[in-house]
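Position 253 (the sequence shown) corresponds to 253 in the working numbering; numbering is contiguous. Ideal placement from N, C-alpha and C gives every residue a C-beta, glycine not left out. Below you'll find the structure, written out as structure tokens, and then a few comments.
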Amino acid sequence: MQELIPPARLLLGPGPSNAPYRVLRAMSTPVIGHLDPKFMEIMDEVCQLLRQTFRTQNQMTFPVSGTGSAGMEAALVNLLEPGDVAVIGVNGVFGARMCDVAERCGARVVKVEAEWGRIIEPERIIEAVRQNPGARLCALVHGETSTGILQPLEEVGAFLKDGDTLFLADAVTSLGGAPLEVDAWGIDACYSGTQKCLCVPPGLAPISFSPKAMAAIAKRKSKVQSWYLDVTMLQKYWSAGEGQRLYHHTAPISMIYALREGLRIIQEEGLSHRWERHAAAAGHLYQGLREMGFELWSQEGYRLPPLTAAKPPQGWDVEGIRKQLLGDYDIEVGGGLGPAAGKIWRIGLMGENACVQKVAVLLRALQDFA
Ligand SMILES: Cc1ncc(COP(=O)(O)O)c(C=O)c1O
């Protein structure tokens with residue numbers, strides 16, 4: 001068996017995105033112990049950088065060891081107890097996944113559904129919470145990667161702010177690539193993944209819990225079912241004062257180095273600039289695709305800049321060309337999921353790849369098929 005040399009692909013799919021050399025270099029620096037005082041400093045830096053990126057003051061902000069789904073599970077398993085009611089928006093794969101996880105927590109799920117590729121009207125979500133006055137949780141996917149929809153959160157957050165129902169948002173694809181204001185929008189729990197707009201390989205799920213969420217967790221009647229994801233135990237490792245940190249599990253050291261570097265890059269660029277860059281790159285892509293006869297599939301006015309769902313022109317071999325792009329051009333784009341399988345492509349412009357140059361590379365390759 002030979003040394004591993006993976007192909008150098010341009011990752012323009014739904015994630016992972018390409019990790020910059022700075023991030024890869026950070027990963028190859030020496031591993032130290034998870035209770036080493038130097039590592040504790042690094043942990044504090046990562047938590048602070050995450051707060052800045054989530055736009056929150058929440059003390060309990062840290063990376064869960066696991067992918068985005070571990071973040072989803074960590075949020076739901078801590079916030080829900082058997083018998084609780086959870087109002088969950090479903091307009092794609094990831095809303096449906098949240099329902100599945102919430103049901104596994106023993107919650108009664110009230111789904112608020114909308115057609116794939118369209119937002120869920122905020123009034124409908126608010127109405128569902130009104131109809132279920134004791135609901136423990138209202139959960140929405142901010143950036144629905146399966147459809148390329150950016151779900152508005154502010155109105156729902158403002159409605160929930162003064163009540164007991166907690167507001168959970170999935171920001172796996174939006175964090176670092178589209179405006180997200182955890183504190184200003186009244187979000188009580190928010191999770192993401194490292195492999196999209198943060199430009200770090202998959203493996204960590206940044207998460208943030210508000211004081212209101214932490215107070216609700218402290219009042220739970222039952223133990224959190226998951227030992228690994230119990231935030232009250234993780235708190236003693238991630239958020240305890242100096243000299244008081246307790247071993248919980250062996251943190252994935254190299255991934256945390258990588259996240260630190262990815263977040264440093266974001267801070268250097270500035271969040272607003274980064275959001276604007278993603279929006280501008282998406283604008284170039286929309287124009288180029290339209291000129292080639294593609295149809296933009298998701299609802300106008302609510303498109304998720306880091307992920308564009310587009311229907312190739314009539315007569316194109318949708319899946320065949322996608323495979324050729326990968327095999328012959330080293331360009332990855334994603335296929336459709338669920339009702340959109342075989343019909344659309346999902347084109348990611350995430351992090352480093354959200355730029356005119358990468359859009360041009362893709363469009364030039366596509367011209368060979370026109
Ligand atoms: C919106 C959304 N939520 C959750 C997930 C799950 O993340 P992961 O695949 O990293 O477990 C994804 C992954 O693509 C996602 O796009």
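What number of angstroms, rounded off, separates the C-alpha of residue i from the C-alpha of residue j?
i: Val85; j: Lys219; result: 16 Å
i: Gln195; j: Gln314; result: 32 Å
i: Cys199; j: Gly351; result: 6 Å
i: Leu12; j: Gly134; result: 42 Å
i: Ile344; j: Leu246; result: 48 Å
i: Arg260; j: Leu285; result: 30 Å
i: Pro20; j: Ile265; result: 10 Å
i: Met233; j: Phe94; result: 27 Å
i: Val318; j: Ile331; result: 15 Å
i: Gly243; j: Gly33; result: 15 Å
i: Arg51; j: Thr61; result: 6 Å
i: Trp227; j: Arg290; result: 49 Å
i: Gly177; j: Asn18; result: 14 Å
i: Leu271; j: Gln48; result: 15 Å
i: Gly283; j: Pro179; result: 16 Å
i: Asn78; j: Ala96; result: 19 Å
i: Met255; j: Gly68; result: 14 Å
i: Val23; j: Glu3; result: 21 Å
i: Trp316; j: Asp368; result: 12 Å
i: Ala309; j: Leu366; result: 16 Å
i: Gly203; j: Gly66; result: 5 Å
i: Glu144; j: Leu363; result: 24 Å
i: Gly335; j: Gly342; result: 7 Å
i: Tyr302; j: Pro16; result: 23 Å
i: Ala215; j: Leu137; result: 14 Å
i: Ala158; j: Gly186; result: 6 Å
i: Thr250; j: Leu229; result: 13 Å
i: Ser146; j: Arg274; result: 22 Å
i: Gly449; j: His248; result: Because the chain is modelled from 1 through 370, residue 449 falls outside the range shown and cannot be assessed.
i: Met98; j: Ala75; result: 10 Å
When the Cα of residue i is compared with those of the options, which residue comes out closest?
i: Ala169; options: Lys311, Gly176, Tyr191; result: Tyr191
i: Ala139; options: Ala19, Gln225, Glu73, Gly203; result: Glu73
i: Arg277; options: Ala354, Phe39, His248, Gln52; result: Ala354
i: Lys236; options: Gly176, Met43, Lys323; result: Met43
i: Glu380; options: Lys223, Gln324, Gly262, Ser210; result: Nothing about residue 380 can be reported from this structure: the residues present for the chain run from 1 to 370 only.
i: Gly152; options: Ile321, Val361, Glu181; result: Sequence check: residue 152 is Pro here, not Gly. When each option's Cα is compared against that of Pro152, the closest is Glu181.
i: Leu150; options: Leu362, Gln244, Pro305; result: Pro305
i: Gln225; options: Gly176, Arg303, Ile253, Pro82; result: Pro82
i: Gly288; options: Ala360, Met214, Phe159; result: Ala360
i: Ala279; options: Leu307, Val77, Ser254, Ile321; result: Leu307
i: Ser222; options: Gly71, Leu80, Ala370; result: Leu80
i: Glu154; options: His142, Gly148, Ala370; result: His142
i: Val156; options: Ala184, Gly148, Ser146, Glu144; result: Ala184
i: Gly148; options: Arg124, Leu337, Leu204, Ala258; result: Leu337
i: Val231; options: Phe209, Gln357, Thr250; result: Phe209
i: Asp36; options: Cys99, Gly71, Pro63, Ile253; result: Ile253
i: Pro30; options: Glu300, Pro6, Ala258; result: Ala258
i: Gln357; options: Arg322, Pro63, Leu10; result: Leu10
i: Glu115; options: Gly320, Gln299, Ile321; result: Gln299
i: Glu269; options: Cys197, Arg322, Pro312, Pro339; result: Cys197
i: Trp238; options: Pro211, Met27, Arg322, Phe39; result: Phe39
i: Ile126; options: Phe167, Arg322, His248; result: Phe167
i: Ala213; options: Gly193, Pro201, Ala189; result: Ala189
i: Ala26; options: Asp100, Arg124, Pro201, Ala8; result: Pro201
i: Gly348; options: Ala205, Ala281, Val101; result: Ala281
i: Gly71; options: Ser28, Ala205, Val333; result: Ala205
i: Pro339; options: Lys311, Arg322, Met98; result: Lys311
For chain B, find out if any of its Cβ atoms is closer than 8 Å to the Cβ of residue i; answer yes or no.
i: Glu269; result: Of the chains in the structure shown, none is chain B; there is only one protein chain.
Considering only heavy atoms of ligand 1, list every residue whose Cβ is less than 5 Å from one of them, following chain order.
Thr67, Gly68, Ser69, Phe94, Thr145, Asp170, Val172, Thr173, Gly193
Three or more C-beta pairs below 8 Å linking the segment 171 to 181 and the segment 317 to 337:
Taking one beta carbon from each stretch, the segment 171 to 181 and the segment 317 to 337 have fewer than 3 pairs nearer than 8 Å; the two do not touch.
For the segment 113 to 128 against the segment 81 to 95, are there 3 or more C-beta pairs whose distance is under 8 Å?
With a cut-off of 8 Å, the segment 81 to 95 and the segment 113 to 128 count as touching, because enough Cβ pairs lie within range.
Inter-stretch contact at 8 Å, needing at least 3 Cβ pairs: the segment 161 to 168 / the segment 101 to 110:
no
Are the segment 47 to 56 and the segment 108 to 115 touching, with three or more C-beta to C-beta distances below 8 Å?
no
Is there contact between the segment 123 to 132 and the segment 291 to 301, where contact requires at least three CB pairs shorter than 8 Å?
no
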